[in-house]
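Sequential numbering from 1 applies to the sequence shown in the UniProt record's numbering. Where is the CB? At the ideal position from N, CA and C, for every residue including glycine.
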Amino acid sequence: MDAPVAAAGSLGVPRQRAGEPAAPDRAAVVAMLAGYGERSPEQVRERIDSLELAWLVHQVEQRHGRMLDLDDDVLMRMTTVTGAVEVLAEVLAEPAGD
Numbered sequence: 001m002d003a004p005v006a007a008a009g010s011l012g013v014p015r016q017r018a019g020e021p022a023a024p025d026r027a028a029v030v031a032m033l034a035g036y037g038e039r040s041p042e043q044v045r046e047r048i049d050s051l052e053l054a055w056l057v058h059q060v061e062q063r064h065g066r067m068l069d070l071d072d073d074v075l076m077r078m079t080t081v082t083g084a085v086e087v088l089a090e091v092l093a094e095p096a097g098d
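Listed below in structure tokens is the structure:
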């Protein structure tokens, strides 16, 4: 039996399985990126380079306890902080393993 899911909010926020951490918001993504190179959040630029992206994906996988199978098209959408937040919300709303 599947775990219950929280209903989508009035703003269309993706559903989340009970017990799973929420998809990272902009502040969380910036904080994770700041951890790469021990920077302050203020030092994180909007553009994400390939090493930062690898770091971000690894951090999200660790925090959510699941592997993210992201194809090249999806990764290309994650070259900015804004794009990464959007993609992570979409990907993490999908059941693990699908």
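- Annotation: residue 50 to residue 32 spans about 15 Å, alpha carbon to alpha carbon.
- Here residue 26 has 85 as same chain residues with Cβ atoms under 6 Å from its own Cβ, once five neighbours each way along the sequence are excluded.
- Within the DSSP secondary-structure output, residue 80 pairs in a beta bridge with 47.
- DSSP places residue 32 in the uninterrupted alpha helix (DSSP H) bounded by 26 to 35.
- With a cut-off of 8 Å on Cβ pairs, the segment 43 to 58 is in contact with the segment 77 to 93, counting three or more such pairs.
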